[in-house]
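Participant:
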Amino acid sequence: MASRAVLARRFSSAMAEEVMELQNKQAASLWHPMTQQRAWNAKEARPPAPVVSSAGSRLQRMDGSTMLDMIAGLWCVNVGYGRREIADVAHAAMVELPYHAPTMGSPQQIELAAKIGELLGMEAQVYFSASGSEANEAAFKIARMYHALNRDDPAGALRYKIVSRQRAYHGNTAGAMAATGQAERKIGFGPQPPGYVKVPPPYPYRRNPKLTPEEHVDDVVRQLEDTIVYEGAETVAAFVMEPIISGGGVLVPTSSYLPKVRAVCDKYGVLLVLDEVVSGFGRTGAMFGHQHYGVKPDIITMAKGLTSGYMPLGATAVDAKIFRKFDGCDGVAVPPHLAHLRQINTYGGHPVACAVALKNIEIIENERLVDRAADVGDYFVKQLEEHLLPLPYVGEIRHKGLLVGVELVANKDTKEPLPETLSAKVPASCATDGIIVGRNGTTVPGLANVLIFAPPFVVEKPDCDLVVASLKNAILALP
Numbered sequence: 001m002a003s004r005a006v007l008a009r010r011f012s013s014a015m016a017e018e019v020m021e022l023q024n025k026q027a028a029s030l031w032h033p034m035t036q037q038r039a040w041n042a043k044e045a046r047p048p049a050p051v052v053s054s055a056g057s058r059l060q061r062m063d064g065s066t067m068l069d070m071i072a073g074l075w076c077v078n079v080g081y082g083r084r085e086i087a088d089v090a091h092a093a094m095v096e097l098p099y100h101a102p103t104m105g106s107p108q109q110i111e112l113a114a115k116i117g118e119l120l121g122m123e124a125q126v127y128f129s130a131s132g133s134e135a136n137e138a139a140f141k142i143a144r145m146y147h148a149l150n151r152d153d154p155a156g157a158l159r160y161k162i163v164s165r166q167r168a169y170h171g172n173t174a175g176a177m178a179a180t181g182q183a184e185r186k187i188g189f190g191p192q193p194p195g196y197v198k199v200p201p202p203y204p205y206r207r208n209p210k211l212t213p214e215e216h217v218d219d220v221v222r223q224l225e226d227t228i229v230y231e232g233a234e235t236v237a238a239f240v241m242e243p244i245i246s247g248g249g250v251l252v253p254t255s256s257y258l259p260k261v262r263a264v265c266d267k268y269g270v271l272l273v274l275d276e277v278v279s280g281f282g283r284t285g286a287m288f289g290h291q292h293y294g295v296k297p298d299i300i301t302m303a304k305g306l307t308s309g310y311m312p313l314g315a316t317a318v319d320a321k322i323f324r325k326f327d328g329c330d331g332v333a334v335p336p337h338l339a340h341l342r343q344i345n346t347y348g349g350h351p352v353a354c355a356v357a358l359k360n361i362e363i364i365e366n367e368r369l370v371d372r373a374a375d376v377g378d379y380f381v382k383q384l385e386e387h388l389l390p391l392p393y394v395g396e397i398r399h400k401g402l403l404v405g406v407e408l409v410a411n412k413d414t415k416e417p418l419p420e421t422l423s424a425k426v427p428a429s430c431a432t433d434g435i436i437v438g439r440n441g442t443t444v445p446g447l448a449n450v451l452i453f454a455p456p457f458v459v460e461k462p463d464c465d466l467v468v469a470s471l472k473n474a475i476l477a478l479p
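For what it's worth, UniProt numbering labels the leading residue of the sequence shown as 1, then goes sequentially.
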């Protein structure tokens, strides 16, 4: 990978006129997601200088400034920026086979599907798409169609509801957004598709103080079971969840939660769908987040770290027992000629993306980056706890591997969330130090108070120290 010194040399002579011209074009033509651009359009401010290069955990703008990226792009650049070996593989694959229809198979696609099953430790069939949202949409369709084809379940054809969790994020397409439990992401896009039901997640920090953490988990699982019963268990197709709620505030469950959820799903014939889009491919210090908890899901979705963001790719892995229901059909619930998966994505399983994913996984395994994520994550959190927990406004620090959340509160005793007007000042202050820090903004009204860190696995411990120092200064500067 390119060194930081190389980055600094490469663009130090960029002309201010070029930067300004691109900033003007950016304001006039480019619509950024999750960004209020009023000041740019009114020419009261300029957009940031364009990003032009990257290496390791750093990005460089056209004006020569660098940024330490503590959220890995959008939670995805697990192996770090500037991997020439991945670029070389992509080039070779593109020259050899730039595209094929998803109904065909390429060596890259076939080998990747087999590798995913190996990493999951299960006999799986893998359906490819181009994003996490699409992977989750496919999971919901597969779950519903599985039940329609399952003649062993008299209620199978009635099962269509998807239960998900408050604060969770599952994507921005219609079904995935309906499953998402973040109200502010959905305002103005209603009405949402029917058939999606929410339950609370475990949140030990904000549990009823009369309950122990384990009693809190039991209460949350009981609410899941009650919801399935009250909705009519025979109408529920699947329960979808992230092993660790990520964008909703890094909510880490106790070790007993997932096994208890699995038991409830089994009791009522509900499929367990695990959204590993963020937590997959080493982010939590295990190859997949659910592997910390000893459960076997029915369907697993993934994207982001599958290619470390070098190419768009999503995947939906399905346990073989689910897939086999699509092998045959008695023609009662579904006509025989419709008994296959009636779902396709133009760019699903793109041969170049699959080649990139295989190389990405090879790097993760050969460089032991999963272990590194666990080690550096523990170090980072130790420094955060030592230097930040004693400060005002810092309520709790949570993590699994290199998925870290710092919850900010106005009052440590009452745990009143720090208002967004103040919590937003912390990432803004860190940005002036050249550090990109995430926050769960535009998610749950009144609860955008969690700072989020999900850096590339190659982030160095001295970089973590820089982040801690910047955070400390930012928090101490709050009124």
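Note that the Cβ used here is the ideal one computed from N, Cα and C, for glycine as well.
Expressed to the nearest angstrom, what Euclidean distance is found between the alpha-carbon atoms of H147 and K141?
Facilitator: As a working note, residue 147 is residue 147 in the sequence shown. As a working note, residue 141 is residue 141 in the sequence shown. Taking the straight line joining both Cα atoms gives about 10 Å.
Participant: For L258, I'd like the list of residues in its chain whose CB is within less than 6 Å of its CB, leaving aside the five on either flank, ordered along the chain.
Facilitator: Position 258 of the sequence shown, counting from 1, holds the residue named residue 258. Cβ within range, chain order: Y293 and V295.
Participant: Flag this pair as yes or no: are the beta carbons of P456 and A90 separated by less than 9 Å?
Facilitator: The residue you call residue 456 lines up with position 456 of the sequence shown. The residue you call residue 90 lines up with position 90 of the sequence shown. No, they are not a contact pair.
Participant: Distance, Cα to Cα, H340 vs A45?
Facilitator: Sequence index remark: in the sequence shown, residue 340 carries index 340 (1-based). Sequence index remark: in the sequence shown, residue 45 carries index 45 (1-based). Answer to the nearest angstrom: the Cα atoms are 53 Å apart.
Participant: Under 8 Å Cβ to Cβ from R185, same chain only, skipping five residues before and after it: list those, please.
Facilitator: Here residue 185 refers to the residue found at position 185 when the sequence shown is read from its first residue. Result list for R185: Y169, N172, M177, T442 and T443, in chain order.
Participant: With which residues is L313 paired in a DSSP beta bridge?
Facilitator: Your numbering for residue 313 matches position 313 in the sequence shown. According to DSSP, L313 bridges with nothing at all.
Participant: How would you label T227, buried or exposed, when you count the other beta carbons within 10 angstroms and need 16 or more for buried?
Facilitator: For this step, residue 227 is matched to residue 227 along the sequence shown. T227 is buried by the Cβ-count criterion.
Participant: With burial defined as no fewer than 16 other Cβ atoms inside 10 Å of the residue's Cβ, what is the status of F281: buried or exposed?
Facilitator: Indexing the sequence shown from 1 puts residue 281 at position 281. Buried, since its Cβ has 16 or more Cβ neighbours within 10 Å.
Participant: Take V356 as the anchor and find which of L384, F326, Y347 and Y310 has the nearest alpha-carbon.
Facilitator: Here residue 356 is taken as the residue at index 356 of the sequence shown, counted from 1. Answer by Cα proximity: Y310.
Participant: Can you tell me whether DSSP reads G405 as helix, strand or coil?
Facilitator: Counting from 1 along the sequence shown, the entry for residue 405 is found at position 405. Here G405 sits in strand by DSSP.
Participant: Give the DSSP-derived three-state secondary structure of F189 in the structure shown.
Facilitator: Position 189 of the sequence shown, counted from the start, is the residue given in the question as residue 189. Correct three-state label for F189: coil.
Participant: Specify whether the segment 104-118 and the segment 283-292 touch according to this definition: at least 3 beta carbon pairs, one from each stretch, less than 8 Å apart.
Facilitator: Output reads no: the segment 283-292 does not touch the segment 104-118.
Participant: Which partner residues of I475 appear in the DSSP bridge assignment?
Facilitator: One-based indexing of the sequence shown puts residue 475 at position 475. I475 pairs with nothing; no bridge assigned.
Participant: Could you spell out the range, first to last residue, of the beta strand (DSSP E) harbouring K161?
Facilitator: Walking along the sequence shown from the start, residue 161 turns up at place 161. Note, K161: beta strand (DSSP E), K161 to R165.
Participant: Measure the C-alpha to C-alpha separation of D152 and A101 and round it to an integer number of angstroms.
Facilitator: The count along the sequence shown starts at 1 and reaches residue 152 at position 152. The count along the sequence shown starts at 1 and reaches residue 101 at position 101. Distance between the alpha carbons of D152 and A101: 34 Å.
Participant: Give the secondary structure of K412 by DSSP, where H, G and I count as helix, E and B as strand, and everything else as coil.
Facilitator: The residue you call residue 412 lines up with position 412 of the sequence shown. Looking at K412 - three-state DSSP - the assignment turns out to be coil, as it is neither helix nor strand.
Participant: Using DSSP with H/G/I as helix, E/B as strand and the rest coil, what is F239?
Facilitator: Here the question's residue 239 lines up with position 239 in the sequence shown. Correct three-state label for F239: strand.
Participant: With a threshold of 16 other CB atoms inside 10 Å of the CB of T432, please say whether the residue is buried or exposed.
Facilitator: Residue numbering aside, residue 432 sits at position 432 when the sequence shown is read from its first letter. It is exposed - the Cβ of T432 has fewer than 16 other Cβ atoms within 10 Å.
Participant: Just curious, the alpha helix (DSSP H) that K141 is in, first and last residue?
Facilitator: By one-based count along the sequence shown, residue 141 stands at place 141. G132 to L149 is the extent of the alpha helix (DSSP H) around K141.
Participant: Near V404, what residues of its chain come up, given a Cβ to Cβ distance below 8 Å and the 5 sequence neighbours on each side ignored?
Facilitator: Within the sequence shown, the letter at position 404 stands for residue 404. Excluding residues within five positions, the ones whose Cβ falls inside 8 Å are V250, G377, F380, V381, L384, I397, R398, I452, F453 and A454.
Participant: Which same chain residues end up closer than 7 Å to C76 when comparing Cβ atoms and leaving out the 5 residues on each side of it in sequence?
Facilitator: Walking along the sequence shown from the start, residue 76 turns up at place 76. Hits under 7 Å: K304, G305, S308 and G309.
Participant: Can you tell which of P243, G395 and L158 has the C-alpha that lies nearest to the C-alpha of V236?
Facilitator: As a working mapping, residue 236 is identified with position 236 in the sequence shown. Checking every option, the nearest Cα to that of V236 belongs to L158.
Participant: Nearest CA to the CA of Y205: which residue from E231, G232, Q192 and T254?
Facilitator: Taking the first residue of the sequence shown as 1, we reach residue 205 at position 205. Of the candidates E231, G232, Q192 and T254, the one whose C-alpha sits nearest the C-alpha of Y205 is T254.
Participant: For K400, I'd like the list of residues in its chain whose CB is within less than 6 Å of its CB, leaving aside the five on either flank, ordered along the chain.
Facilitator: Counted from its first residue, the sequence shown places residue 400 at position 400. These residues qualify, in order along the chain: I244, V252 and T284.
Participant: Buried or exposed: H32, going by 16 or more other Cβ atoms within 10 Å of its Cβ?
Facilitator: Within the sequence shown, residue 32 is the residue found at index 32, counting from 1. H32 is exposed by the Cβ-count criterion.
Participant: Can you have a look at N78 and say buried or exposed, based on whether 16 or more other CB atoms are within 10 angstroms of its CB?
Facilitator: Counted from its first residue, the sequence shown places residue 78 at position 78. Buried, since its Cβ has 16 or more Cβ neighbours within 10 Å.
Participant: Taking just the CA atoms, how far does G181 sit from A448?
Facilitator: Walking along the sequence shown from the start, residue 448 turns up at place 448. Walking along the sequence shown from the start, residue 181 turns up at place 181. If you take the alpha carbons of A448 and G181, they lie about 14 Å apart.
Participant: Looking at T316: is its Cβ nearer than 9 Å to the Cβ of I344?
Facilitator: Sequence index remark: in the sequence shown, residue 316 carries index 316 (1-based). Sequence index remark: in the sequence shown, residue 344 carries index 344 (1-based). Result no, Cβ atoms of T316 and I344 do not sit closer than 9 Å.
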